[in-house]
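Let me begin by presenting the structure, written as C-alpha cells, before commenting on it.
Protein chains: 2
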Amino acid sequence: MRRDIFQAIADPTRRAIIALIAVQSMTPNALAENFHTSRQAISKHLRILTECELVKQEQQGREIYYQLEIKKLKEIDKWLEQYRRIWESQFDQLDKVLSTMKKQKK
Amino acid sequence: MRRDIFQAIADPTRRAIIALIAVQSMTPNALAENFHTSRQAISKHLRILTECELVKQEQQGREIYYQLEIKKLKEIDKWLEQYRRIWESQFDQLDKVLSTMKKQKK
DNA sequence: AATTTGTGAAACCGAAAGGTTGCACATATA
DNA sequence: TATATGTGCAACCTTTCGGTTTCACAAATT
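So the protein lines, in turn, are chains A and B. Letter by letter, the first sequence follows residues 1303 to 1408 in the working numbering. Letter by letter, the second sequence follows residues 1303 to 1408 in the working numbering.
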C-alpha cells in the first residue's frame, strides 16, 4: 500500500517517535520503552515511517538505529506554503485596518 | 470521537476540499461536483473538517457555504516549527562546510 | 398546496489501521 | 556450543475509516 507523509504524521504515536528520534537516533527497543505498547507495534510504525522515507536505518551490530530524515518534513512545509501566503495576506489586511484606526484616532 | 487536525489533513479528498474552499466558500453540492464520490461522502468530510474547526459554515437560505478557517492551519505550522529549527541548523552546518571548502581551495 | 432542491443523519459494508501474540533468524555473550 | 538479546514478519482481532444507500426535513419554486 502506498502511504504518504500526511498519513504518516496522522498517528500520534508516530509523531512522538519523530519527536524522539529528532533528538537522537534510537533503536526500536529504546523507543518502545517510551510507550505503552509492544516493541512490535513500534516496529510497525517504524516500517511505515521508513516506507515514506521519514526515517532512515543504520545497522550497528544486531541493533538498528532509526534516524529522522528531517528533509522529508519539508514536504509538509511546502504544502503549507500556499496557505501561509493566504494567512499572511489576511494579516496584512488586519494591519491596514489597525493603521487606519490609528490615523483616525489622530 | 475526538479528531485532530493531523488526522483531518491525512485524507487526500479532505486536502482537496481545503484547497478548493481556500479560494472561495462553497456549498457541499458544488464541492461534490469536483469529486467522483457522492454528495453525502463530501458531507461527511465536511463534518470532520468542521469538528476540528478547519472549516466554518455560513447558512444562506437553504444553502450552506463552507469556508476555510485558515488560522487553524497554523497549528501545523507551529508543529513544524521545532523541526524547522533543526533543518535550518543543518543547513547552517552545510554552509560552514562549504565555506571551509572554499577557504581550502584558496 | 404540491413539488423540487439542498442538506444532514443513520444504517450498513468492505477495507484499512493499529494492536497483540507467536515465530524465525542473526548477532552477542556465557 | 548453548543461550540470551535485538529485530522483523506473519497471522489474527477489533476498531475506525471512507464510501454508499436510504431517509427526513427545511427552504425554494411551481
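Every residue, glycine too, gets a C-beta built ideally from N, C-alpha and C.
Requested in this report: Give me the Cα-Cα distance between Asp-1306(A) and Leu-1351(A), rounded to the nearest whole angstrom.
Outcome: Asp-1306(A) and Leu-1351(A) have their C-alpha atoms spaced approximately 9 Å apart.
Query raised in the report: When the distance is taken between beta carbons, is Asp-1379(A) closer than 8 Å to Leu-1382(B)?
Result: Against a cut-off of 8 Å, the Cβ pair of Asp-1379(A) and Leu-1382(B) comes out as a contact.
Report task. Would you mind reading off the limits of the alpha helix (DSSP H) that contains Gln-1309(A)? Result -> 1307-1310
Query raised in the report: For Gln-1369(B), which residues does DSSP report across the bridge?
Result: Lys-1358(B)
Query raised in the report: Residue range of the alpha helix (DSSP H) that Arg-1317(B) falls in?
Result: First-last of the alpha helix (DSSP H) with Arg-1317(B): 1314-1325.
**Report entry** Contact with chain A by Arg-1386(B), beta-carbon distance below 8 Å
**Finding:** yes
Query raised in the report: Between Ile-1366(A) and the rest of its own chain, which residues show a CB-CB distance below 8 Å, the 5 nearest in sequence each way excluded?
Result: Thr-1329, Pro-1330, Gln-1359 and Glu-1360
Query raised in the report: Between which two residues does the alpha helix (DSSP H) harbouring Leu-1333(B) extend?
Result: 1330-1334
Query - Of the residues Lys-1374(A), Glu-1355(A) and Ala-1343(A), the one placed nearest Trp-1389(B), counting alpha carbons only - result: Lys-1374(A)
Report task. Give the range of the alpha helix (DSSP H) segment to which Thr-1352(B) is assigned. Result -> 1341-1353
Query raised in the report: Could you give the distance in angstroms between the alpha-carbon of Phe-1308(A) and the alpha-carbon of Glu-1353(A)?
Result: The alpha-carbon atoms of Phe-1308(A) and Glu-1353(A) are separated by roughly 13 Å.
Report task. Enumerate in chain order the residues of its own chain whose CB-to-CB distance from Ile-1323(B) is below 8 Å, with the five nearest sequence positions on each side excluded. Result -> Leu-1333, Val-1357, Tyr-1368, Gln-1369 and Leu-1370
Query raised in the report: Shortest alpha-carbon distance to Arg-1386(A) belongs to which of Ala-1321(B), Arg-1316(B), Thr-1315(B) and Ala-1310(B)?
Result: It is Ala-1321(B) whose Cα lies nearest to the Cα of Arg-1386(A).
Query - Alpha carbon of Arg-1341(B) to alpha carbon of Ala-1318(B), nearest angstrom - result: 15 Å
Requested in this report: Out of Arg-1349(B), Gln-1326(B) and Arg-1316(B), point me to the one whose CA is closest to Phe-1337(B)'s CA.
Outcome: Arg-1316(B)
Query raised in the report: With a cut-off of 8 Å, does the C-beta of Phe-1308(A) fall near any C-beta of chain B?
Result: yes
Query raised in the report: How close, in whole Å, do the beta carbons of Gln-1392(A) and Ile-1311(B) come, if the pair is a contact with beta carbons under 8 Å?
Result: That pair is no contact at about 20 Å.
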